[in-house]
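A.B. asks:
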Amino acid sequence: MKGKIIQVMGPVVDVEFDGYLPEINEAINVVLADANADRLVLEVAAH
Numbered sequence: 001m002k003g004k005i006i007q008v009m010g011p012v013v014d015v016e017f018d019g020y021l022p023e024i025n026e027a028i029n030v031v032l033a034d035a036n037a038d039r040l041v042l043e044v045a046a047h
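Every letter in the sequence shown is one number past the one before it in the numbering used here, and letter 27, counting from 1, is 27.
(1) Starting from the C-beta of V8, find all residues in its chain whose C-beta is less than 8 Å away, skip the five residues before and the five after it, and write them out in chain order.
(2) Does DSSP put N25 in a helix, a strand or coil?
(3) Let me know the secondary structure DSSP gives K4 once reduced to three states.
(4) Taking only the alpha-carbon atoms, compute the straight-line gap between L40 and N25 and give it to the nearest angstrom.
(5) Straight-line CA distance for I6 to E16?
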């Protein structure tokens with residue numbers, strides 16, 4: 001799945017996907033521009 005982070009408001013991250021809606025509680029791995037950065041994993045809490 002490939003998506004785009006649209007907005008960050010505190011602990012809430014809005015992510016937009018083309019043609020795909022992840023399941024509630026599904027993990028989303030975020031690829032960061034800095035390859036040496038820590039890994040970032042988000043969890044789907046609502047649609």
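Quick reminder that beta carbons are idealized off the backbone N, C-alpha and C, glycines included.
Please read all numbers here as calculations on a predicted model, not as lab measurements.
C.D. replies: With the given structure in hand:
(1) D14
(2) coil
(3) strand
(4) 15 Å
(5) 7 Å
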